[in-house]
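Protein chains in written order, with our numbering: chain A, 1 to 297; chain B, 1 to 212; chain C, 1 to 790. A virtual CB, placed ideally from N, CA and C, is assigned to each residue, including glycine. Below: the structure, in structure tokens.
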């Protein structure tokens, strides 16, 4: 399978480990990625003029004929929202006034979780075991969707109560926790100017994830990750409260199960140490091997 | 003889400016905003609702009544995280988030400034000038324009720089420039002023008709 | 053809502007005219007698009356000439009052010229008239009622009481519909089943009602007066004649328990079951999807009524009319995922709370939390779940939810005064007799009314939380409740689609069956002989459903009681030689009157005479008995024979709206230019592109077609078809170099005389700008009839 790859700006800065793990996982799943030539920022949530933001997204879509994959939920939502707006013929006409290559119709846009889920499902009738060489049995993961993966509606999963991440966690051998705030917005887009407001929500999300009994949180969006991971020590300092909850990208979690080494997944780049997760996994594996060894004897 | 009204209330009519403001929002956010039934689903779904001075529902009403000053003065428009939950749930298929975005656009056009609008401005200019966002440049410029943010940004930087996620220096930032920046400029300059001209409200009506 | 022409003075109404005697003299010069007279008041006894005498003495064969609108006196003169021995259809009227003298009061000379043209056109048509005979057809005096809810029950009883034989077909094992499952009903809070059960029993005992339950209709053929209905009665594996309805014996021993669909999943029933205690017929039924075939029930039955070898039975009967009372189904509240129905046990639907409140329900009338079985101490009603909600595709208000929530809130508050009861609403709609008073009663009982649509329901530490903005006070709030009731809206019954398709019923955008006119014909379908009652045509309260059942029954009686049907002789007819069986007319016909078996066949009983098919036929194989191609073409040629005016317009006005609108312009004395010569057609959809081309070929500068406003066509969609044809035609004209603006289509309601006048004024000035017909072709080759046919 060959897909066009739209990294998004964050992949080249605060979300480097997301890009590293995305590329590694796709390689492991046999998915060929062709980076969109000369792509531009999707505008994220900061370009309030809708014609402009739609044009920004459209400029990327017209640069390839392949289905487009991105790892960033914001980019993903922006590309999808733009396609919905571009169904309106006035909008299409307006946007095309500024574009060199003209937008002429919808494209399949995929989030990396969709790509992984499909690849694993496709492999199932062969032998799933071939791919998931290191099941994450014993680990508990809090599935954090954030807001934009399923919005606007009509996409990958229900915008109210999605299950694609829980399903993937189970497929990889781990156990999803009952994480009530899994859809709560991380408030990342307003973090810079409105830190106080964002912090209040972030701490609730982290406490809830911790209380759900998770060993780690799975993130699908580099902004969510930034808010929960790099920001975590600052929140701890601010509140005088220890949280210490590793935040893994979905691709890092999947990569581990696919047998990739932590270094291949950029796991040393996470702010909150991912060691406890790896150690727990090793311990469980060790115990299991011991038991199996005992049985053999 | 001059007749006296029995009411002591001030006479309420929409000012021409109020009307212009309303029509501009309708162009930017969609004519369907007129069909709002003030049910409050948007405000009740908003993740930052409890921090807002004016609920999103009321913002929509202010827009429809042409209450420009009150609408643009609200802190609520800067507390929107663009999470789209209001838009997913609106029973009239209005996009309240687009109303907020329209208010931000008009706020900036009016030459008003606050720390939030400064951040948005920097963000948009970077895309226009470079095609992509460099977090280093973004933070640096924001720190210069909004000095009170310095402590927060430095603390964050302290987390990210050692991990190699933010590279320092302008050279690093330059690496993310895309080719054909004229197209980006054109997108911003050509498309940025939709509905500002008079008579654009008719266009909104037209679109509405066409959709029907 | 020997023709007599009578020009009326109408006092000074006509003679004040026109010169009737000169018009009569003019008429005498026209071919075929034997007699032409001007009369003071043609409709008076003297006038009528003159016509009768002339017919007798001069052996006249066809009559033209140039007077007022045919919409006023056509019936009068048809009667007059038939009294004189002529066929009533040998009459044509020239409308020189409403559409001439009254609207051109300031331009007598031009009006006089127009009146001459109108008389020439009428004579041209009169020459081609044929005698038509309105036939009668015997009809079956039996009626099919589909659906045994309260609307169908009421319709059946009324029909049968009037002596008509009724076949009441119900899909489920018992009649009674949703009403049989409700607890008390608003606005009087009387017990639902107590008022319904006697009617159910009456249905069962009525000698003229054949009740067929647990049945499906599989086919309906034929048309008004003679439908043939067939279907199957499913096997319930219990002999209806033997079963005594005791139930205890068989269900008591049945080992299989399944969720009870009559309790909406709250209770359980056995594989052999009685749907409700008051079931009609009172016969048990075996659910084959649950039955394990152990045979215990058969052993237990004291009358050996259990028949495992029972087969489904086919039925077939003929009826003259059909009443569709297929009802509604509940919106599935699980579709609003944010409300947690199906995820949180204490979130229930409105129908479930009806069962909880019902003394015969699963809890004996106790309103308990399903999760604990304890009485709920606080209850919230969430309004507009699946109504007024475009995210689920239901833009409409379900009309009854405010009232049933008020009712259930009252019942809870009365039974448990300590329980806190809130209604979360967007707008409270209590329009109906006694409804606002009912709302006040709820307020007095201490029920909380909170304005603000709930955004989500969550479960926090075992208790439900309802999140909302109080839109009156402002502010985001979260309120805990023991029990949350979702006021789910009413949706069209999906199971009714089969019947809808068989009958060819139209659906509104909301999915309910469309009635013939949204205001004036509330229980009639577009199809003759088919009536719609109750929620099949949209959500409505019990009282309205009953009224509609009664109305539909009255309509069916009106149709069938005489035992025969008078057929309108103005219908379409097919030239079997020319027909190529392309089916285009079948798709075009709004009355489903045409069928094709190699060639097309028009069912004259169903045809309403709009003529849309005649305009659509690609090989001109369809024509009308009146308003025929030949007659209309003759009128067009007569209109364009002289062209005494510039610009010269030929108009086509639909009988129901635009022609009436033009008449209204006359009675309102709204003045407009004299340039148009109008031809009356039954529907704008009748206008064949060939007519337009004929007018242009004859030298008309413009052609105006006017139909009912979109959505208001007397024949449902004829005006849309006219619009499409005009669009295509304009494209063709443009290609051959004719300004497409010469052909114009407008919409004008019967109440819009001003609009018609305005459009004529506008068109005249537009045509002046374009220049005379053919001016744009000056440099081009001469006009050829583009394609000729439609």
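Whole angstroms are fine: how far does the CA of residue j sit from the CA of residue i?
i: residue 704/C; j: residue 647/C; result: 12 Å
i: residue 361/C; j: residue 266/C; result: 9 Å
i: residue 138/B; j: residue 37/B; result: 40 Å
i: residue 64/A; j: residue 258/A; result: 29 Å
i: residue 194/C; j: residue 523/C; result: 27 Å
i: residue 599/C; j: residue 619/C; result: 12 Å
i: residue 160/B; j: residue 20/A; result: 16 Å
i: residue 26/A; j: residue 148/C; result: 60 Å
i: residue 650/C; j: residue 577/C; result: 32 Å
i: residue 4/C; j: residue 36/C; result: 6 Å
i: residue 2/C; j: residue 62/C; result: 6 Å
i: residue 516/C; j: residue 541/C; result: 21 Å
i: residue 550/C; j: residue 372/C; result: 45 Å
Could you give the DSSP three-state label for residue i: helix, strand or coil?
i: residue 243/A; result: coil
i: residue 233/C; result: strand
i: residue 206/B; result: With a pLDDT of 46 at residue 206/B, under the threshold of 50, the modelled position of this residue cannot be trusted; read the value that follows with caution. It is helical.
i: residue 69/A; result: strand
i: residue 127/C; result: helix
i: residue 273/C; result: strand
i: residue 605/C; result: coil
i: residue 194/C; result: helix
i: residue 189/B; result: helix
Please confirm whether residue i has its beta-carbon closer than 8 Å to some beta-carbon of chain C.
i: residue 291/B; result: With chain B represented from 1 up to 212, any question about residue 291/B goes unanswered, as that position is not in the structure.
i: residue 91/B; result: yes
i: residue 147/B; result: no
i: residue 166/A; result: no
i: residue 60/A; result: no
i: residue 160/A; result: yes
Looking at the secondary structure, which residues open and close the beta strand (DSSP E) in which residue i lies?
i: residue 458/C; result: 456-460
i: residue 618/C; result: No beta strand (DSSP E) contains residue 618/C, which DSSP labels as neither H nor E.
i: residue 792/C; result: As displayed, chain C neither begins before 1 nor continues past 790, which places residue 792/C out of reach and without an answer.
i: residue 33/A; result: 32-35
Using beta carbons (cut-off 8 Å, strictly below), is residue i in contact with chain A?
i: residue 39/B; result: no
i: residue 141/B; result: no
i: residue 165/B; result: yes
i: residue 124/B; result: yes
i: residue 790/C; result: Note that residue 790/C scores 43 on pLDDT, short of 50, meaning its location in the model is unreliable; the coordinates nonetheless yield the value given after this. It does not: the Cβ of residue 790/C has no partner Cβ on chain A nearer than 8 Å.
i: residue 180/B; result: yes
Please tell me whether residue i has its Cβ less than 8 Å away from any Cβ of chain B.
i: residue 153/A; result: yes
i: residue 94/A; result: yes
i: residue 469/C; result: yes
How is the alpha helix (DSSP H) around residue i delimited, first residue to last?
i: residue 78/B; result: 76-79
i: residue 755/C; result: 753-770
i: residue 140/A; result: Taken as a continuous stretch (DSSP letters only), residue 140/A belongs to no alpha helix (DSSP H), being part of the beta strand (DSSP E) at 140-144.
i: residue 90/A; result: 89-98
i: residue 224/A; result: 222-225
Does any CB atom of chain F fall closer than 8 Å to the CB of residue i?
i: residue 208/A; result: In summary, chain F is missing from the structure at hand, where the protein chains are A, B and C.
Looking at the ligand COA, does it come within less than 7 Å of residue i, judged from the CB to the closest heavy atom?
i: residue 148/B; result: Here there are no bound small molecules, and the ligand COA is not part of this structure.
(message) Under 7 Å, CB to CB, which of the residues in the region 331-345 of chain C have a partner in chain A?
(response) Shown in chain order are the members of the region 331-345 of chain C whose Cβ falls below 7 Å from a Cβ of chain A: 337, 338.
(request) Determine which residues of the region 472-489 of chain C have a Cβ less than 7 Å from any Cβ of chain B, and write them out in chain order. (result) 474, 476
(message) Under 7 Å, CB to CB, which of the residues in the region 42-57 of chain B have a partner in chain C?
(response) Contact annotation: in the region 42-57 of chain B, residues whose CB is within less than 7 Å of a CB in chain C are 43, 44, 45, 49, 50, 55, 57.
(request) Would you list, in chain order, the members of the region 30-49 of chain A that have their beta-carbon closer than 8 Å to a beta-carbon of chain B? (result) 38, 39, 40, 41, 43, 44, 45, 46, 47, 48, 49
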